[in-house]
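Visitor: Chains as they are written, first to last, in the numbering used here: chain A, 785 to 1077; chain B, 913 to 1239. The beta carbon of each residue, even a glycine, is placed where N, CA and C say it ideally should be.
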Amino acid sequence: MDPASILQYCITGLTVGSTYGLAALGFTIIFNTTGVINFAQGEFVMLGGMVSVFALRGMGLPEPVAVALAVPVVTLAGALVERLVIRPASGRPAMDLIIITIGVSILLRGLVMLVWGKDTHALPPFSGETPIPFLGAALMPQSLWVLSITLALLAGLKYFFSATLHGKAMLACSHDAKAASLVGIGVRRMVLLSFMISAFVGAVGGVILAPLTMTSFDVGVLLGLKGFAACILGGLGNPFGAAAGGLILGVLESLGAGLISSAYKDAIAFVILLALLFVRPSGLFGAKDAKRV
Amino acid sequence: MGGFRVDALRLCALAAALALAPLVLSGGYHLTVLTMCCLHAMIAVGLNLLVGHAGQISLGHAGFYGLGAYTTAVLTSTLGLPVPLGMAAGVLAAAAVAFLVGVPSLKLTGHYLAMATLGFGIILSILFNETVAITGGPSGFTGIPRPAVAGTPLGDLAYYFIVAGSLCLVLLLSLNLLHSRLGRALRALHTSEKAAQAMGIDVARHKLFVFVLSAGFAGLAGVLYAHYLTFIAPASFGFSFSVELIVMVVLGGMTSLLGSVLGAFFLTVLPEFLRVFENVEVLLFGLILVLCMLYLPGGLAGGLAALTERLRRTARERTRSGEAADG
């Protein structure tokens, strides 16, 4: 195997891994404020892609507008999910909440299928399809978009959580919701905000990936699951570990597909996940000891 | 939690209804749907023991169902072993794999366990799809023999009775188990693992036992399914079926075994009616799941119990006020 193709696999892996990372980021943001694993996180990614496709094809909007429209629409959907389903169920045991978010994911999938059908769609790349030669490998312009937007988003979130009042308030909720409400933080509002942010992050992931991989009503399942695998890999509860976990997972998967077999590409992520769960449930960057009996 | 006698009576009523159902139903199509109902109920009962009683979630039970089906398919068709042997091997395979996976995964709790079982189920369904030489891949495995008595393959009706009988046996076994010392240990474990441990219950062993048992039930349903349809394909054993099974348990009522049977029957029959609106089916599934979790935490069984209780109370009040008016 020559170095150029290894490099090619790494580039592909980093690009796809960015979306896993963004989905993983969404998981941790919600998990940190609520303790809920939102199994519908992948559906936010799917919605991002599908809404922008609809705005482009169905409404005839230019691509930048379609993309810019999809993100707030999905963010709003995130808010609706929190208000209609998560809030009425607050305080229920973890298993109930797992099942509820699974129900939400099926519901969203069914809704999209009903409205826009079962076809797969692709967005045109943001800036052409001419590959840029890079040390013998070919770099698609869209990959650059994906990587730079992901990095920008990470930087923005880092700033949000460490330097703004809302960000700090959300972190306070994650440490102890009761104490946070005692010092005057509106915990409910923070939970709503966390759902909106994670829907936003998921939607951005869906929008920037849609030109590279096809999108359809059911892509969210696998994206969500791999996002969660990335979370575990990076350490649940650590947002930037989760993003790094996504990148690592993407690269490993891409290398595995290239060097071993592309048929088992999707299995690779889950084998890594299982191995990690059994050996080190706290993940690569997780400091806290995960719950084990 | 009714006593064992109440549950046993209900089981007898169910068995009688299952035995008489073919008399009422017309045509092979209805019988097929009913057979599928019984198969799904079998898995749902096992899953109910695990989720509702021991408090451990599994999002990979379709994998065990498939494992049973593929094991017996390969053994009886490809290798030509006798059907009963293949069936036994299928159940054993599901249970054995559950044991191997269960030892490390059941140390995990909550989200982690959900994720581990889910990952495992997905790996299995990828294997069913990709090991084309063994499983036939996405296009499926054909030519699985029907069990035969004295050279004649069993008819659909006879096979239905075998499946319905197996469901009743599974239920009897599970009821017995729940009303034993083990059942009480499981309930303790569900409420608080730490407290259960303090009471001297071997938490890890109990969890593993229920996990293996419920996987065995799923495997049993799998082998019966394979020899019933004589054709299997990976699509039947994927992640969405695992979720559907959870929905059956939740809809029926997490703590009620017979509720799970109800949930399984309801959700197996429902799509047959919804076939007209093919695309709404998925949506409705999600809606049922969410609404049921939010507003009917006891499921169909709990809802029915609450309803009869309310009716009884209003009837009592009415007779009382009637007596007052008379006096």
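Can you tell me whether DSSP reads residue 1076 of chain A as helix, strand or coil?
Guide: Annotation note: pLDDT 41 at residue 1076 of chain A (below 50); position unreliable, no value reported.
Visitor: Would you say residue 934 of chain B reaches chain A, if we count a Cβ-Cβ gap shorter than 8 Å as a contact?
Guide: False, the Cβ-Cβ gap to chain A never drops below 8 Å.
Visitor: Against chain B, does residue 893 of chain A count as a neighbour if the rule is that its beta carbon must be under 8 Å from one of theirs?
Guide: Yes, contact with chain B.
Visitor: Output, in sequence order along the chain, the residues in the stretch 868-897 of chain A whose CB is closer than 7 Å to any CB in chain B.
Guide: Hits within the stretch, in order: 869, 872, 873, 878, 879, 880, 882, 883, 884, 886, 887, 888, 890, 891, 893, 894, 895 and 897.
Visitor: Excluding five sequence neighbours on each side, which residues of the same chain lie with their C-beta closer than 7 Å to the C-beta of residue 926 of chain A?
Guide: Taken in chain order, the residues that qualify are 909, 910, 995 and 996.
Visitor: Say whether the stretch 1036-1046 of chain B touches the stretch 832-850 of chain A, bearing in mind that this needs 3 or more beta-carbon pairs closer than 8 Å, one atom from each stretch.
Guide: Counting Cβ pairs under 8 Å, fewer than three are found: no touch.
Visitor: If we call anything under 8 Å between Cβ atoms a contact, is residue 1158 of chain B one with residue 971 of chain B?
Guide: Contact: yes.
Visitor: Taking residue 993 of chain A as the reference, which of A:931, A:808 and A:979 has the closest Cα?
Guide: Ranking the options by Cα distance to residue 993 of chain A, first place goes to A:931.
Visitor: Residue 1142 of chain B and residue 1058 of chain B: beta carbons closer than 8 Å?
Guide: Yes.
Visitor: Can you tell me whether residue 967 of chain A is buried or exposed? The criterion is at least 16 other CB atoms within 10 Å of its CB, across all chains shown.
Guide: Looking at its Cβ environment, which holds fewer than 16 other Cβ atoms inside 10 Å, residue 967 of chain A is exposed.
Visitor: Is the beta carbon of residue 1275 of chain B less than 8 Å from the beta carbon of residue 1149 of chain B?
Guide: Any answer about residue 1275 of chain B is impossible in this case: the structure gives chain B only from 913 up to 1239.
Visitor: Locate the beta strand (DSSP E) running through residue 1123 of chain B, then write down its first and last residues.
Guide: Unbroken run through residue 1123 of chain B is the alpha helix (DSSP H), 1115-1141; no beta strand (DSSP E).
Visitor: Roughly how many angstroms lie between the CA atoms of residue 1006 of chain B and residue 1165 of chain B, to the nearest whole one?
Guide: In a straight line, the C-alpha of residue 1006 of chain B is about 26 Å away from that of residue 1165 of chain B.
Visitor: Of all Cβ atoms in chain A, is any one closer than 8 Å to the Cβ of residue 1205 of chain B?
Guide: With 8 Å as the cut-off, residue 1205 of chain B counts as an interface residue toward chain A.
Visitor: Could you list which residues in chain A have their beta carbon closer than 8 Å to that of residue 1215 of chain B, in chain order?
Guide: By Cβ distance, chain A contributes nothing, its closest Cβ being about 16 Å from residue 1215 of chain B, past 8 Å.
Visitor: Leaving out five residues before and five after residue 1033 of chain B in sequence, what residues of the same chain have Cβ atoms less than 7 Å from its Cβ?
Guide: For residue 1033 of chain B, where only same-chain residues beyond five positions count, the Cβ hits under 7 Å are 971, 972, 974, 975, 1151 and 1154.
Visitor: Suppose contacts are defined by Cβ-Cβ distances below 8 Å. Is residue 1118 of chain B in contact with residue 965 of chain B by that definition?
Guide: No.
Visitor: Runs of 4 residues minimum, wholly inside the stretch 1039-1098 of chain B: which ones carry the alpha helix (DSSP H) assignment?
Guide: Runs of the alpha helix (DSSP H) inside the stretch 1039-1098 of chain B: 1044-1047 and 1068-1090.
Visitor: Relative to the ligand NAP, is the shortest distance from any of its heavy atoms to the C-beta of residue 1180 of chain B smaller than 7 Å?
Guide: As far as ligands go, the structure on display features none, and thus does not contain the ligand NAP.
Visitor: Using a cut-off of 7 Å between C-beta atoms, extract the partners of residue 919 of chain A located in chain B.
Guide: Ordered by position in chain B, no residue passes the 7 Å Cβ test against residue 919 of chain A, which lies about 33 Å from the chain.
Visitor: Would you mind sorting residue 1037 of chain A into buried or exposed? The rule is 16 or more other CB atoms within 10 Å of its CB.
Guide: The residue in question, residue 1037 of chain A, is buried, as its Cβ has 16 or more Cβ neighbours within 10 Å.
Visitor: Go through its chain and collect everything with a Cβ distance to residue 988 of chain B's Cβ below 7 Å, but skip five positions before and after it.
Guide: Hits under 7 Å: 995, 998, 1056 and 1057.
Visitor: Check for me: the beta strand (DSSP E) holding residue 916 of chain A runs from which residue to which?
Guide: 916-918 is the span of the beta strand (DSSP E), which, as asked, contains residue 916 of chain A.
Visitor: Look up residue 1208 of chain B in the DSSP assignment and say whether it is helix, strand or coil.
Guide: Correct three-state label for residue 1208 of chain B: coil.
Visitor: Report the residue from B:1095, B:1115, B:959 and B:929 whose alpha carbon sits nearest the alpha carbon of residue 1156 of chain B.
Guide: Looking at the Cα atoms, B:959 is the closest of the given residues.
Visitor: Sorted by chain position, which residues of the same chain lie with C-beta nearer than 6 Å to residue 1075 of chain A's C-beta, five sequence neighbours on each side aside?
Guide: Any reading at residue 1075 of chain A must be qualified, since the residue scores a pLDDT of 44, below 50, and its modelled position is unreliable; the value itself is stated next. Cβ neighbours of residue 1075 of chain A beyond the five flanking positions: none.
Visitor: Name the one or two DSSP bridge partners that residue 923 of chain A has.
Guide: According to DSSP, which records beta bridges pairwise, residue 923 of chain A is partnered with A:916.
Visitor: What three-state label does DSSP hand residue 1144 of chain B in the structure shown?
Guide: Residue 1144 of chain B falls in the strand class under three-state DSSP.
Visitor: Do residue 1008 of chain A and residue 873 of chain A have their beta-carbon atoms positioned less than 8 Å apart in this structure?
Guide: No; because the gap between Cβ atoms is not below 8 Å, this pair is not in contact.
Visitor: What's the C-alpha gap between residue 1073 of chain A and residue 1029 of chain A?
Guide: Any reading at residue 1073 of chain A needs caution, since the residue's pLDDT is 47, under 50, leaving its predicted position unreliable; the model's value is listed next. Approximately 18 Å between the Cα atoms of the pair.
Visitor: For residue 948 of chain B, which residues in chain A fall below 7 Å Cβ to Cβ?
Guide: The premise fails here: residue 948 of chain B is roughly 21 Å from chain A at the closest Cβ pair, so nothing lies under 7 Å.
Visitor: Does DSSP put residue 913 of chain B in a helix, in a strand, or in coil?
Guide: Residue confidence is low: residue 913 of chain B scores 45 on pLDDT, short of 50, so the model does not pin down where it sits. Its coordinate-derived value is still stated next. Residue state, collapsed to three classes: coil.
Visitor: Taking the alpha carbon of residue 998 of chain A as the point to measure from, which residue in A:1054, A:829 and A:887 has its own alpha carbon closest?
Guide: Cα-wise, what sits closest to residue 998 of chain A is A:829.
Visitor: What are the boundary residues of the alpha helix (DSSP H) that includes residue 1040 of chain A?
Guide: Per DSSP, residue 1040 of chain A belongs to the alpha helix (DSSP H) from 1023-1043.
Visitor: For residue 999 of chain A, does the three-state DSSP call read helix, strand or coil?
Guide: In the structure shown, residue 999 of chain A sits in a strand (DSSP, three-state: E or B).
Visitor: Could you check whether residue 1123 of chain B and residue 1014 of chain B sit closer than 8 Å to each other, using their CB atoms as the reference points?
Guide: Yes. Within cutoff.
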